[in-house]
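Trainee: Numbering (UniProt numbering), first residue to last: 1 to 409.
Beta carbons are placed, not taken as given, at the ideal position from N, Cα and C, and that holds for glycine.
Here the structure is a predicted model, which is why all the values come from computation and not from measurement.
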Ligand code: PLP
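1. By Cβ distance below 7 Å, which residues in the same chain neighbour residue 322 in space, the five residues on each side in sequence not counted?
2. So for residue 373, helix, strand or coil by DSSP?
3. With residue 245 as the anchor, note down where its beta strand (DSSP E) starts and where it stops.
4. Rounded to a whole number of angstroms, what is the C-alpha to C-alpha distance between residue 248 and residue 101?
5. Across which residues does DSSP place residue 385 in a beta bridge pair?
6. In the DSSP assignment, what residue or residues form a beta bridge with residue 101?
7. Here's a check: name, in chain order, each residue in its chain whose Cβ is nearer than 8 Å to the Cβ of residue 174, leaving out the five neighbours to either side.
8. Residues bridged to residue 232 by DSSP?
9. Cα-Cα, which of 2, 25 and 14 is closest to residue 364?
10. If we ignore side chains and look at the alpha-carbon of each, how far apart do residue 37 and residue 105 end up?
11. Give the single residue among 370, 76 and 265 whose Cα lies nearest to the Cα of residue 402.
12. Tell whether a beta-carbon distance below 8 Å holds between residue 219 and residue 6.
13. Using DSSP's beta-bridge definition, name the partner residues of residue 154.
14. With DSSP as the reference, please indicate the residues paired to residue 275 in a beta bridge.
15. Compute the beta-carbon to beta-carbon distance between residue 344 and residue 221, rounded to the nearest angstrom, for a pair I have assumed lies under 8 Å.
16. Tell me the rounded alpha-carbon separation between residue 224 and residue 245.
17. Indicate the three-state DSSP secondary structure (helix, strand or coil) for residue 159 in the structure shown.
18. For the segment 159–231, list the beta strand (DSSP E) runs that are entirely contained and at least 3 residues long, ordered along the chain.
19. Within the segment 311–370, note down every full alpha helix (DSSP H) run reaching 4 residues or more, in order along the chain.
20. Which residues in the same chain have their Cβ closer than 8 Å to the Cβ of residue 277, if we skip the five residues on either side of it in sequence?
21. Can you list every residue whose CB sits closer than 6 Å to some heavy atom of the ligand PLP, going in chain order?
22. Do residue 303 and residue 51 have their C-beta atoms within less than 8 Å of each other?
23. Mind checking who residue 255 pairs with in its DSSP beta bridge?
24. DSSP on residue 110, reduced to helix/strand/coil?
25. Using a threshold of 8 Å, state whether the C-beta atoms of residue 110 and residue 262 are closer than that.
26. Can you tell me whether DSSP reads residue 81 as helix, strand or coil?
27. Please name the residue or residues paired with residue 126 in a DSSP beta bridge.
28. Return helix, strand or coil for residue 3, following the three-state DSSP convention.
29. Measuring CB atoms only, is the segment 79–97 touching the segment 186–201, in the sense that at least three cross pairs come out at less than 8 Å?
30. My assumption, with CB atoms under 8 Å, is that residue 207 sits in contact with residue 172. Please give the rounded CB distance.
31. Per DSSP, what kind of secondary structure is residue 37 in: helix, strand or coil?
32. Check each candidate in 189, 65 and 314 and name the one with the smallest Cα separation from residue 162.
33. Do residue 128 and residue 379 have their CB atoms nearer than 8 Å?
34. Using three-state DSSP, classify residue 303 as helix, strand or coil.
35. Evaluate residue 97 with the Cβ neighbour count: other Cβ atoms within 10 Å of its Cβ, from every protein chain shown; 16 or more gives buried, anything less gives exposed.
36. Could you have a look at residue 29 and say whether DSSP puts it in helix, strand or coil?
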């Protein structure tokens with residue numbers, strides 16, 4: 001009997017479990033303290049009534065044999081695919097067909113599973129810092145080699161550094177013989193909160209076409225984009241259907257984090273070594289996934305109704321006001337920070353050369369504020385913290401004040 005040895009290669013605990021352990025230890029010792037969490041990227045505003053009504057109605061349909069639903073299509077119901085095509089892509093002048101789309105139970109599922117399409121020898125490039133699922137899922141599959149504690153890097157991973165010096169926007173610039181086969185890009189970015197312009201993204205698309213690489217584009221935060229020159233979809237770039245897979249989620253767009261639904265686009269033009277990745281995923285999905293719940297797909301459909309759309313926009317504006325409040329307060333206090341304009345995250349420099357975890361502990365102990373250590377997202381995240389705009393406005397104002405008051409002490 002042999003277990004999968006790759007799990008032992010994963011360093012440490014899952015970031016948010018480690019934070020939760022520290023917070024619960026603090027609360028045990030300080031039961032009366034009021035801890036404010038601006039750490040995990042989970043929404044706080046409730047669902048629109050129209051969404052809940054759609055779910056309730058879909059639930060009622062299950063009482064009647066004429067309308068009862070058992071297993072649905074493993075890649076999603078056509079009613080939802082059509083709505084996504086019309087409302088999320090035709091509005092960007094992007095043409096997709098229903099069989100380019102794969103509805104799933106969330107982008108984390110897809111971000112973790114998509115690496116199955118590639119050989120274990122495929123060279124992977126991931127930004128540093130990045131959403132941890134990209135690295136961890138490739139490690140579990142046995143693809144990234146060994147982790148070196150000293151350099152905090154994986155022997156077989158091509159790291160794309162994202163630092164203050166490059167404004168957290170790397171360009172495709174790889175050493176000869178170090179060309180990646182698969183490139184993960186997340187824009188607007190979690191955790192830095194910085195988004196790529198269309199020209200910057202086009203450079204990556206051009207690179208991928210030239211080198212026959214595949215881009216995995218995570219657009220989980222596209223609904224937070226405010227600037228016109230930031231693309232909402234990678235398919236706004238010339239030629240992207242030939243080289244890019246796009247993942248999107250209803251979690252942050254529609255406050256659906258607890259509902260579990262997202263989707264992945266694999267255009268049929270995406271052919272590598274003569275093989276259609278769309279055909280491979282069409283074969284993979286019914287083998288490993290039996291489709292997203294009908295009730296939740298009906299709820300997702302309701303998000304495209306005009307009245308619901310308006311309420312969801314108001315929720316986004318609510319979170320954007322939180323982000324703006326933090327940005328303004330940090331600007332006024334001359335605190336170094338990034339992001340927060342086209343994304344619900346702010347990337348804050350730690351004060352006094354503290355490490356991310358040192359500042360985490362200080363804020364928890366002295367100010368009872370919990371934000372996420374940037375080092376949990378990669379070596380380049382050291383010395384930074386990620387703040388989320390998904391809290392309530394009141395918590396955001398209070399936590400910001402506590403941070404500003406203690407930053408330069
Ligand atoms: N991708 C990124 C970049 C995220 O930050 C998140 C969630 O925080 C996800 C994907 C996961 O989304 P979902 O809730 O659809 O699984």
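Mentor: In this structure, then:
1. Residue 322 sits at position 322 when you count from the first residue of the chain shown. Answer for residue 322: 389, 391, 393 and 396, listed in chain order.
2. Taking the first residue of the chain shown as position 1, residue 373 is located at position 373. Strand, per DSSP.
3. Here residue 245 is taken as the residue at index 245 of the chain shown, counted from 1. Counting along the chain, the beta strand (DSSP E) containing residue 245 begins and ends at 244–249.
4. Taking the first residue of the chain shown as position 1, residue 248 is located at position 248. Taking the first residue of the chain shown as position 1, residue 101 is located at position 101. Distance between the alpha carbons of residue 248 and residue 101 is about 11 Å.
5. One-based indexing of the chain shown puts residue 385 at position 385. Answer by DSSP bridge pairing, in chain order: 348 and 373.
6. Numbered from 1 along the chain shown, position 101 holds the residue referred to as residue 101. Note: residue 101 sits in a beta bridge opposite 265.
7. Here the question's residue 174 lines up with position 174 in the chain shown. Hits under 8 Å: 125, 158 and 180.
8. Working through the chain shown from its first residue, we reach residue 232 at position 232. Paired residue(s): none; residue 232 is not in a bridge.
9. Along the chain shown, one-based indexing puts residue 364 at 364. Measuring from the Cα of residue 364, the nearest candidate turns out to be 25.
10. Locating residue 37 in the chain shown gives position 37, where the first residue counts as 1. Locating residue 105 in the chain shown gives position 105, where the first residue counts as 1. Each residue's Cα considered, the two are about 26 Å apart.
11. Position 402 of the chain shown, counted from the start, is the residue given in the question as residue 402. Comparing Cα positions, the closest option is 370.
12. Along the chain shown, read from residue 1 onward, the residue named residue 219 stands at position 219. Along the chain shown, read from residue 1 onward, the residue named residue 6 stands at position 6. Taking 8 Å as the Cβ cut-off, residue 219 and residue 6 do not qualify as a contacting pair.
13. Reading the chain shown from its first residue, position 154 is the one you call residue 154. Answer is 147.
14. On the chain shown, residue 275 is found 275 positions in, with the first residue counted as 1. Bridge partners of residue 275: 272.
15. Reading the chain shown from its first residue, position 344 is the one you call residue 344. Reading the chain shown from its first residue, position 221 is the one you call residue 221. About 6 Å; that satisfies the 8 Å criterion.
16. Within the chain shown, residue 224 is the residue found at index 224, counting from 1. Within the chain shown, residue 245 is the residue found at index 245, counting from 1. Taking the straight line from one Cα to the other gives about 20 Å.
17. Translated into the one-based positions of the chain shown, residue 159 becomes position 159. The answer is strand: DSSP assigns residue 159 an E or B state.
18. The segment 159–231 is shown to contain whole beta strand (DSSP E) runs of 3 or more residues at 182–186 and 214–218, in chain order.
19. Listed in chain order, they are 356–362.
20. The residue labelled residue 277 in the question sits at position 277 within the chain shown. 117, 214, 245, 266, 270 and 271.
21. The filter returns 41, 106, 107, 108, 111, 131, 186, 190, 218, 220, 249, 251, 257 and 262, in chain order.
22. Here residue 303 corresponds to residue number 303 of the chain shown, with the count starting at 1. Here residue 51 corresponds to residue number 51 of the chain shown, with the count starting at 1. Cβ atoms of residue 303 and residue 51: closer than 8 Å.
23. Translated into positions along the chain shown, residue 255 becomes position 255. DSSP lists no partner for residue 255.
24. The sequence position of residue 110 within the chain shown is 110, counting from 1. Helix, per DSSP.
25. By one-based count along the chain shown, residue 110 stands at place 110. By one-based count along the chain shown, residue 262 stands at place 262. Their beta carbons are under 8 Å apart, which means residue 110 touches residue 262 by this criterion.
26. Start at 1 with the first residue of the chain shown, and residue 81 comes out as number 81. Residue 81: helix per DSSP, three-state reduction.
27. As a first step, residue 126 must be located in the chain shown, where it is residue number 126. DSSP, once it has assigned bridges, lists 159 and 184 as partnering residue 126.
28. As a working mapping, residue 3 is identified with position 3 in the chain shown. Correct three-state label for residue 3: coil.
29. Segments in contact, no.
30. Here residue 207 refers to the residue found at position 207 when the chain shown is read from its first residue. Here residue 172 refers to the residue found at position 172 when the chain shown is read from its first residue. Right, the Cβ-Cβ distance comes to about 4 Å (below 8 Å), so this counts as a contact.
31. If you number the chain shown from 1, residue 37 lands on position 37. Note: residue 37 maps to strand in three-state DSSP.
32. Translated into positions along the chain shown, residue 162 becomes position 162. The shortest Cα separation from residue 162 among 189, 65 and 314 belongs to 189.
33. Here residue 128 corresponds to residue number 128 of the chain shown, with the count starting at 1. Here residue 379 corresponds to residue number 379 of the chain shown, with the count starting at 1. Yes, these two residues count as a Cβ contact at 8 Å.
34. In the chain shown, residue 303 corresponds to position 303, counting from 1. Correct three-state label for residue 303: coil.
35. Within the chain shown, residue 97 is the residue found at index 97, counting from 1. Under this definition residue 97 is an exposed residue.
36. Locating residue 29 in the chain shown gives position 29, counting from the first residue. Residue 29 falls in the helix class under three-state DSSP.
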